[in-house]
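Counted the way the numbering used here counts, the sequence shown spans residues 10 to 101. Note that CB positions come from ideal geometry on N, CA and C, so glycine has one too. This one's a predicted model, so the numbers in the text were calculated from it and none came from an experiment. Okay, so here's the structure we're looking at.
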Amino acid sequence: MMYEVTFDQADQEFRVLLERELYAIVKFERQDNVFVITSTKVPDSLQGKGYGKLMMEQVLPEIETMGGKIIAKCSFVVSYLERNPQWQHLLV
Numbered sequence: 010m011m012y013e014v015t016f017d018q019a020d021q022e023f024r025v026l027l028e029r030e031l032y033a034i035v036k037f038e039r040q041d042n043v044f045v046i047t048s049t050k051v052p053d054s055l056q057g058k059g060y061g062k063l064m065m066e067q068v069l070p071e072i073e074t075m076g077g078k079i080i081a082k083c084s085f086v087v088s089y090l091e092r093n094p095q096w097q098h099l100l101v
């Protein structure tokens, strides 16, 4: 299934449409091609359904396509990257 990913540079966030107008949010601060990921959020009603993983699987390829690198300040992202070494090449 494809999920719609919106890159909102003005609000410094990626939004991933999950279900019926419910979005996962990845907040960042951008420094040139480095995305400092400061927080992530999955709607409370969708917690525990694997949407955090899905969110990262949608956002990281977007960052990679943009030629970006990441610094993970969000504990969820740090943990995700530890469990998914295939994305560690994006770390600064």
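Might you give, ordered along the chain, the residues of its own chain that have their beta carbon closer than 8 Å to the beta carbon of Arg39, omitting 5 neighbours on each side? For Arg39, where only same-chain residues beyond five positions count, the Cβ hits under 8 Å are Gln18, Gln21, Val45.
Beta-carbon proximity list for Pro171, same chain, < 7 Å, skipping 5 on both sides: This structure cannot speak to residue 171, because the chain is shown only from 10 to 101.
Name the one or two DSSP bridge partners that Phe16 has. Phe23
Could you give the first and the last residue of the continuous beta strand (DSSP E) run that contains Val51? Careful: Val51 lies outside any beta strand (DSSP E) and carries neither H nor E.
Integer Cβ distance of Ile72 from Leu100, believed to fall under 8 Å: About 11 Å separates the two Cβ atoms, so there is no contact after all.
Going by the beta-carbon positions, is the gap between Leu27 and Glu13 smaller than 7 Å? For the pair Leu27 and Glu13, the CB atoms are not nearer than the 7 Å cut-off.
I'd like the span of the beta strand (DSSP E) that includes Leu31, first residue to last. 31-40
Consult DSSP for Val87 and reduce its assignment to one of helix, strand or coil. helix
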